[in-house]
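Enquirer: One structure, as structure tokens, below. Some questions next.
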Amino acid sequence: MSRQLLTGNAAAAWGARLADVDYIPAFPITPQTEIIETLAAWSQAGELPGRFVTFDGEHSMLTAAGAAAAAGARTFTATSSQGLLFGMESLYTISGWRVPLVLVNVSRGLSAPITLGPDHNDVLAARDAGFVQIHAETCQEVLDSILMGYRIAEDRRVSVPVLVNLDGFYLSFTREPVDVPDEAAVREFLPPFDFEHLGFRASRPIAQGVAVLEGATYSHFRYQMHRAIQNAAAVHAEATVEFSRLFGRSYAAIEQYRVEDADTVLVMAGSFAAKGKAAVDQWRADGRRVGLLRLRVVRPFPAAELAAALSGRRAVGVIDQNLSPGVGGIFCQELAAALYSVPDRPPVLRSFVTGLGGKDISQSEFDHVLSVLDAAQSGDPVTDTELLMTAAEWQQVQGRLASARRPVEDNAPLPTDSDDVRAAVRAEFEDARGGVS
Amino acid sequence: MRVKREHFRSPKDLPVVEYVTPGSPLCAGCGGLTTLRLMHKVLGENVVVVNAAGCMTLMAVYPFTPLKSSWLYTTMGSAAAGAQGVRDALDVLIERGKLDAADDLQVLVLAGDGSTYDMGLSATSGAIHRGLNFWYLCYDNQAYGNTGFQMSAASPLGSRTATSHSGAVQRRKDIFELWRAQRPPYVATVSSHDAVDLAEKVERARGLNGPKLFLSLAVCPTGWGFDPELSDEIAKLAIETGVWPLKEAVDGAVRHTYVPNRFRPVEEYLRPQHRFAHLFEPQRDEELLTRIQQNVDDYWAPVLAEPVANA
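Heads up: the protein sequence lines correspond to chains A and B, in order.
All residue numbers for the first sequence refer to this note's numbering, where the first residue is 496 and numbers rise by one.
All residue numbers for the second sequence refer to this note's numbering, where the first residue is 1362 and numbers rise by one.
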């Protein structure tokens, strides 16, 4: 084992390298590109026995990835944002082939308007694609999840692709100390892919991906995928035990942070959960009983674990770094469904959306969330998702809007940032909402 | 003029063995199926067919397949990328000792003109660019046949489709030339009518490492509107009128493998097909018929002016 300072992207490349992948189809996209550049450099230096091939786009890249996996190659690929959406048809196709591979997505907000900063709308667009989906918080977790991902994907009880998500910029380009395991230990955790049940070979012709035109038979196969991904929960738990034994690190489907006696719990995913944990620490120092649950395994959705962890709490705030227009935060919807039949479910559940397009989340926003949860009562009228933004950010937005409207000759300076009058900003939001309705 | 035949003198010389067995749900008289059957005979049994969405996708409907070889349905737009994944996987698995070299397969993309000319062009161009060692068979029936015969970029001038009721106003894309522009080792046009020409081409291409691309005029009774028993006759007329030139390009150098001694008028090919009926009824569209004939004449004029090589 060696300890290195690695970006999230480099950690992903190390995951693929240690997994001794046979095949890496690639296409560049910000902020994922460093992964394939790293793998290409290793490949060209002769340090990577697998084959590295660049494609004409992610639709082709993902088709090739699935086809290679169907042929028996241990396959790694990576994309981000528009690339994931461009390849969406292929995602559904290759999961339907029931082939194991690991796809890394480096989260980035979706166009339009086109942007670069991270949020989870890209990866959650793929939530129904038939992939196991794991969201990493740290660079270490990126590497570890790729190794676990192959073990899960290649388990015959699962045999679907695994998507490992990391946040663009905040994780992809941030260096953290990462334990890079020894190859021998990795081989013990992840033996070579036994693809006896898969593969195209002269001695055994096989028809894969054939049309199924009867609805009932089609339903059967689709439901098989559901069962396979449900099976991944137990396989993930088994892999965690073995991983912990070999490497001393352990990952549950949900991470529970200081929830032991918490009356109020935040739910988050990805690298921004680290910010949530810092907020929890601050509140705990003030004597507040607040904790945080981080969603790590998103598919299979850990409904039972969440229900058990949240049963008996007074208030839950879900901070979604995504927005389903017309509904709100996606994880809040899924969590609400998981809690519905829990007798002792939290009487207060509120949805917040922030961190879109890489917008940071400040302590003041966390404080606002806590104040909303404190004030909320059981039986409150149904509330819409609340978009969080600091007063300074609101001022910035107003400045940009004003600039866009302003004639070019009227080149007055932008309004200066201000960090006060949260209440005034909120009032403006309310006005805007009222104006729409 | 017919080029010298090197491997097969007559249809009797073709392998007797069949890899496409009877009983597929495709239409009677499908020229595409005949082409696949003939091509497969020459390729041999160790093939994995990588399919793009189209008529042929309905060949393998669970739990049946008429193929003795392997099959992978991909998507409409990325069959060549699927072929790349399979080819690369076979190569790397054999290289790394994980798969017996005796288990190797030839990879054949099977795609219609809708995929080939339109949605799949990027993936195919990428595979040609990378020099992928694979076969590609486009069964070109000149429209989106499987969805009920809508216009594609392969629909010829004047042809009626479900989305060009008064006839296509554009000329077809010249996919042969688009492919050839990238200089793959082998590009050819073939026809279900000329089994020997087709078999010769497959055999000539066999030794070449890289993309080997075949464009077959897939006569289509259902879409074109003629009796299935006329399939071979229509395919023959396409060749004899000069509408469907039989040719090949080795490393970009084109030669025609058959040139009619006397070109029959294009009308003889158009008239039996319902998709061109509006050119004749209720009144003759003289202007368009002249243009179609002129396009064919213009194609052949420089070819006929060349000294005949390898005749």
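Where a beta carbon is used, it is the ideal one built from N, C-alpha and C, also for glycine.
1. Three Cβ pairs or more, each shorter than 8 Å: is that satisfied between the segment 772-783 of chain A and the segment 724-737 of chain A?
2. So residue 1682 (chain B) contacts chain A; which residues on that side make the cut at Cβ distance below 8 Å?
3. Is there a C-beta anywhere in chain B that falls below 8 Å from the one on residue 505 (chain A)?
4. Since residue 1507 (chain B) sits in a beta bridge, which residues does DSSP pair it with?
5. Would you decide whether residue 692 (chain A) is buried or exposed? Buried here means 16 or more other CB atoms lie within 10 Å of its CB.
6. Please return the same chain residues whose Cβ sits closer than 6 Å to the Cβ of residue 1566 (chain B), not counting the five positions on each side in sequence.
7. Please identify the residue among A:792, A:517, A:718 and A:847 whose C-alpha is closest to the C-alpha of residue 746 (chain A).
8. Between the C-alpha atoms of residue 541 (chain A) and residue 582 (chain A), what's the straight-line distance to the nearest angstrom?
9. Specify the secondary structure class of residue 1456 (chain B) as computed by DSSP and reduced to three states.
10. From residue 1556 (chain B) to residue 700 (chain A), what distance separates their C-alpha atoms?
11. Just the C-alpha distance for residue 1604 (chain B) and residue 1657 (chain B), rounded to the nearest angstrom, thanks.
12. What did DSSP end up calling residue 752 (chain A) once you bin it into helix, strand or coil?
13. How would you call residue 1365 (chain B), buried or exposed, if buried means at least 16 neighbouring beta carbons within 10 angstroms?
14. Start and end of the alpha helix (DSSP H) containing residue 720 (chain A)?
15. For a contact meaning CB atoms closer than 9 Å, what does residue 1398 (chain B) contact in chain A?
16. So, residue 678 (chain A) versus residue 513 (chain A), is the Cβ gap smaller than 8 Å?
17. Counting only beta-carbon separations shorter than 8 Å, does residue 1418 (chain B) have a partner in chain A?
18. Taking residue 1421 (chain B) as the query, report the chain A residues whose CB atoms sit under 8 Å from its CB, ordered along the chain.
19. Got a sec? Which residues, its chain only, sit under 6 Å from residue 587 (chain A) by beta carbon, not counting five neighbours each side?
20. Would you identify the three-state DSSP class for residue 704 (chain A), choosing helix, strand or coil?
21. Ends of the beta strand (DSSP E) at residue 600 (chain A)?
22. For residue 1499 (chain B), write down the residues that DSSP places opposite it in a beta bridge.
23. Could you check whether the Cβ of residue 545 (chain A) sits closer than 8 Å to any Cβ belonging to chain B?
24. If you run the structure through DSSP and keep just helix, strand and coil, what is residue 834 (chain A)?
25. Using a C-beta cutoff of 8 Å, does residue 1683 (chain B) count as contacting chain A?
26. Alpha carbon to alpha carbon, how far is residue 1416 (chain B) from residue 1426 (chain B)?
27. Please classify residue 886 (chain A): does DSSP put it in a helix, a strand, or coil?
28. What does the Cβ neighbour count give for residue 801 (chain A), buried or exposed, with the cut at 16 atoms within 10 Å?
29. For residue 718 (chain A) and chain B, any beta-carbon pair shorter than 8 Å?
30. Any beta carbon of chain B sitting closer than 8 Å to that of residue 521 (chain A)?
31. Using CA coordinates, which residue listed in A:878, A:862, A:868 and A:808 is at the minimum distance from residue 821 (chain A)?
32. Considering only residues of the same chain and omitting the five flanking positions on each side of residue 933 (chain A), which have a CB-CB separation below 6 Å?
33. Residue 553 (chain A) to residue 1439 (chain B), Cα distance in whole Å?
34. With 9 Å as the C-beta to C-beta threshold (strictly closer), list the residues of the segment 526-556 of chain A near chain B in chain order.
35. On the three-state DSSP scale, how would you describe residue 1379 (chain B)?
36. Mind listing the chain B neighbours of residue 697 (chain A)? Cutoff is C-beta to C-beta under 7 Å, in chain order.
Expert: Concretely, from the data shown:
1. Taking 8 Å as the limit for Cβ pairs, the verdict is that the segment 724-737 of chain A does not touch the segment 772-783 of chain A.
2. There is simply no residue 1682 (chain B) to check, as chain B begins at 1362 and stops at 1672 in what is shown.
3. Closer than 8 Å: no.
4. Residue 1507 (chain B) is not bridged to any residue.
5. Exposed, because fewer than 16 other Cβ atoms sit within 10 Å of the Cβ of residue 692 (chain A).
6. When the five nearest sequence neighbours on each side are left out, the beta carbons in the same chain lying within less than 6 Å of the beta carbon of residue 1566 (chain B) are those of 1547 and 1573, in order along the chain.
7. Closest option to residue 746 (chain A), Cα to Cα, is A:792.
8. Roughly 29 Å between the two C-alpha positions.
9. Three-state DSSP puts residue 1456 (chain B) in a helix.
10. For residue 1556 (chain B) and residue 700 (chain A), the distance between alpha carbons rounds to 26 Å.
11. Roughly 6 Å separates the two Cα atoms.
12. Look at residue 752 (chain A) here: in three-state DSSP terms it is strand.
13. Exposed.
14. 710-742 is the extent of the alpha helix (DSSP H) around residue 720 (chain A).
15. Within 9 Å of the CB of residue 1398 (chain B), no CB atom of chain A is found; the nearest one sits about 16 Å away.
16. Yes, Cβ-Cβ distance for residue 678 (chain A) and residue 513 (chain A) is below 8 Å.
17. By this cut-off, residue 1418 (chain B) is an interface position.
18. Near residue 1421 (chain B) (Cβ distances below 8 Å), the residues of chain A are 702, 705 and 706.
19. Taken in chain order, the residues that qualify are 624.
20. Assigned with DSSP and collapsed to three states, residue 704 (chain A) falls in coil, not helix or strand.
21. Bounds of the beta strand (DSSP E) holding residue 600 (chain A) are 597-602.
22. DSSP output for residue 1499 (chain B) lists B:1472 and B:1576 as bridge partner(s).
23. With a threshold of 8 Å between beta carbons, residue 545 (chain A) makes contact with chain B.
24. Looking at residue 834 (chain A) - three-state DSSP - the assignment turns out to be helix.
25. Summary: the structure shown does not reach residue 1683 (chain B), with chain B confined to residues 1362 through 1672, and so no result is reported for it.
26. About 14 Å.
27. Note: residue 886 (chain A) maps to helix in three-state DSSP.
28. Buried, since its Cβ has 16 or more Cβ neighbours within 10 Å.
29. Residue-level contact check: residue 718 (chain A) does not touch chain B, since none of the beta carbons of chain B fall below 8 Å from its beta carbon.
30. No, residue 521 (chain A) does not count as interfacial toward chain B.
31. Answer by Cα proximity: A:878.
32. A question about residue 933 (chain A) goes unanswered here, because the residues of chain A that appear run from 496 up to 932.
33. Whole-angstrom Cα-Cα distance: 10 Å.
34. Flagged, chain order: 544, 545, 546, 548, 549, 550, 551, 552, 554, 555 and 556.
35. Three-state result, residue 1379 (chain B): coil.
36. Those within 7 Å of residue 697 (chain A) in chain B are 1407, 1463, 1464, 1465 and 1466.
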